[in-house]
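Q: Input: one structure, supplied below.
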Amino acid sequence: MATQRLAIVGGDAAGMSAASIARRRDPDLEIVTFERGPYTSYSACGIPYYVAGLVDPADRLVSRSPEEHRANGIDVRIRCEVVAIDLDARRLTVRGAAGEETTEGFDQLVVATGAEPAPLPVPGAEAIEAVDTVGAAERLRSALQRGGCNAVVIGAGYIGMEMSEALVDRGLDVTMVEMAPQVMATLDADMAGHVQEAAEGHGVRVVLGASVEEIVLDESGAPVAVRTADASFDADHVVIGTGSRPAVAVAEAAGLVLGDSGALRVDDRQRCAGHDGVFAAGDCAESHHRVLGADVNIQLGTHANKQGRIAGVNATGGDDRFPGVIGTAVSKICRYEVGRTGIGEREAADAGIDVVSATIKDRTRAGYYPGAGPIWVKLVAEPGSGRLLGGQIVGVEGAAKRIDVVATAVWAGLPVQELALLDLSYAPPFSGVYDPLLIAARATAKLL
Ligand SMILES: Cc1cc2nc3c(=O)[nH]c(=O)nc-3n(C[C@H](O)[C@H](O)[C@H](O)COP(=O)(O)OP(=O)(O)OC[C@H]3O[C@@H](n4cnc5c(N)ncnc54)[C@H](O)[C@@H]3O)c2cc1C
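Quick note: the sequence shown uses our numbering, first residue 204, plus one each step.
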């Protein structure tokens, strides 16, 4: 039998996870990855820390270079963009760095094209490069070194918050402008308030409910200000963090089906409907949300790595299932750590789901132990049964990873009554004798 060829479009988390597991499972398979940028397996998640100067040089963000993947038997073609997919002929059109086009055949295909910044539809935004790749982060760092003391970050999601903190750490005066009435839309407003307070305490000026109308540029095309309806903020540097959309143009043009979220529709084997041997994974694909019972597009490295692996297993004759997501995420915003999982009160209201919810404030360690600080835990449960549907945590060091216990309980469908007496650990450096999660579960159970 002729050697089979697996082609992968996109050489980061999902794409290279697929390639690596496929390589391990089938030593004879020909595997080729097309990546339009110069890097493979890089950590976009680490970009704020490189911008802050905590990580240096930028290539420390690359966990596996194209050469390392090649040494592992994966034919990685960098600076090669896939511009068309012919699913019937099983052929890709690939544009190289010099603009030349070639065609490449495949037997199995994994689409792992990730996400791309959603354009900000205001004059001047076209001059601002998104900071979502290692190269873009290096260019931002160089621009910061050339001078200028004012930065405006547009968008107060977790990436905008992390970037604001990084820019303050580099000595800039930072204003963060957000259209919504709160920071971090993935949290309920009460929990987001604590995060805003941490950012302000760090020196970030937070402007909420303000829609950017223009990024004012000088004659050379460099930013000088960001203008809203009511104000203008000096800006030697502008970072746009207003969200990303799945990068699906090439796949959609090929006839792959999109779901309601705008991402590629896949089944639980990461298969694209109606096309044998064609898979999609990562930020470009939908995931089934286990609490909402709906298909969603939540762009996280955690999902991308797992989905890529499953696509790679199934593209090589295996039968692994992706069990879905509950949107578990953590971040560090200035003095606080932040975690969230499942659904919050606002998402529940949007989905027409009745919930009960309680929030407690406690300490991360025994009160007398050095370093103890505030932690807020909010839990959301189903009325009657008490089934835990989600949780949010904000607090000082030691707070965020507690969300993994909440995530496990949501995943398992545990009721808050049971969580309240769960056998969690205790010693003074880690918690009070009742962990804050147990106290929050008890408070929620009382409302049932
Ligand atoms: C600043 C920042 C911080 C983040 N922090 C976190 C975090 O703390 N935790 C977390 O879980 N997630 C985080 N994320 C999200 C995480 O980085 C993404 O979810 C993850 O990288 C998605 O992996 P992916 O492989 O699906 O897509 P991507 O990483 O976007 O990779 C897709 C690749 O495909 C390439 N490509 C696209 N189209 C083509 C084409 N036509 N031809 C060839 N190549 C193509 C792109 O160049 C890209 O390299 C962060 C993201 C950013 C930007």
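Glycine included, every Cβ here is placed at the ideal spot set by N, Cα and C.
(1) If you pair each beta-carbon of the stretch 501-512 with each one of the stretch 549-561, do three or more pairs fall below 8 Å?
(2) Could you tell me whether the Cβ atoms of R208 and E238 are closer together than 8 Å?
(3) Check the C-beta distance from V613 over to L591 and give it rounded, since I have them as a contact under 8 Å.
(4) Exposed or buried, G547, counting other C-beta atoms within 10 Å across all chains shown (16 or more means buried)?
(5) State the CB to CB distance for the pair T243 and V279, rounded to an integer number of angstroms; the pair is presumed to be in contact (CB under 8 Å).
(6) Using CA coordinates, which residue listed in L650, P324, P251, R267 is at the minimum distance from P618?
(7) If you measure from the CB of S534, is any heavy atom of ligand 1 nearer than 7 Å?
(8) Quickly, what does DSSP pair Q311 with across the bridge? List them, please.
(9) Quick one: what does DSSP say L617 is sitting in, helix, strand or coil?
(10) Confirm the yes/no value for this check: CB of T316, any heavy atom of ligand 1, distance under 7 Å.
(11) Let me confirm a value: K604 is counted as buried when at least 16 other C-beta atoms fall within 10 Å, else exposed. Which label applies?
(12) Take I606 and list the residues in its own chain whose beta-carbon comes closer than 7 Å to its own, dropping the five residues that flank it on each side.
(13) Cutting at 6 Å between CB atoms, please list the residues of its own chain near A488, excluding the five before and the five after it.
(14) Can you give me the C-alpha to C-alpha distance between V314 and E550, rounded to a whole angstrom?
(15) Which same chain residues, not among the five before or five after A216, have their C-beta less than 7 Å away from its C-beta?
(16) Mind checking who A582 pairs with in its DSSP beta bridge?
(17) Would you kindly work out how many angstroms separate the C-alpha atoms of R263 and A623, rounded to a whole number?
(18) Per DSSP, which residues does M379 bridge with? Please list them.
(19) Give every residue of the same chain whose Cβ lies closer than 6 Å to the Cβ of P586, excluding the five residues on either side of it in the sequence, and list them in chain order.
(20) Taking C537 as the reference, give the member of A300, I224, Y637, A401 with the closest Cα.
(21) Which stretch, first to last residue, makes up the beta strand (DSSP E) that contains P426?
(22) Could you pull the DSSP bridge partners for P577 from this structure?
(23) Between E303 and G446, what straight-line distance do the alpha-carbon atoms span, to the nearest angstrom?
(24) Report yes if the CB atom of P326 is closer than 8 Å to the CB atom of E417, and no otherwise.
(25) Grouping DSSP H, G and I as helix and E and B as strand, with all else coil, what is R659?
(26) L295 and A210: beta carbons closer than 8 Å?
(27) Is E368 close to ligand 1? I mean its beta-carbon at under 7 Å from any heavy atom of the ligand.
(28) Enumerate in chain order the residues of its own chain whose CB-to-CB distance from A450 is below 6 Å, with the five nearest sequence positions on each side excluded.
(29) DSSP beta-bridge partners for R448?
(30) Is the closest heavy atom of ligand 1 to the C-beta of R373 under 7 Å?
(31) For L347, I'd like the list of residues in its chain whose CB is within less than 7 Å of its CB, leaving aside the five on either flank, ordered along the chain.
(32) What's the C-alpha gap between G214 and T236?
(33) Taking the straight line between their C-alpha atoms, what separation do you get for G205 and V212?
(34) Give a yes or no on whether the C-beta atoms belonging to V254 and M366 are separated by under 8 Å.
(35) For I529, which beta-bridge partners are listed by DSSP?
(36) Among the residues of its own chain, which have a CB less than 7 Å from the CB of E455, if the five just before and after it don't count?
A: By the coordinates alone:
(1) no
(2) no
(3) 5 Å
(4) buried
(5) 6 Å
(6) L650
(7) yes
(8) L209
(9) coil
(10) yes
(11) exposed
(12) T531, V533, G542, R543, T544, G594, I596
(13) A466, L467, V469
(14) 30 Å
(15) G485, G504, A507, N508, G511
(16) It is Leu, not Ala, that sits at residue 582 in the sequence shown. DSSP output for L582 lists A561, G594 as bridge partner(s).
(17) 42 Å
(18) V356, V409
(19) D557, V559
(20) A401
(21) 426-431
(22) R566
(23) 32 Å
(24) yes
(25) Given a span of 204 to 651 for the chain in the structure shown, any question on residue 659 remains unanswerable.
(26) yes
(27) no
(28) T316, G317, A318, E319, C487
(29) E319
(30) no
(31) R373, H440
(32) 6 Å
(33) Note that residue 205 corresponds to Ala in the displayed sequence, not to Gly. Cα to Cα, the separation comes out at about 22 Å.
(34) yes
(35) Bridge partners of I529: none, in fact.
(36) L461
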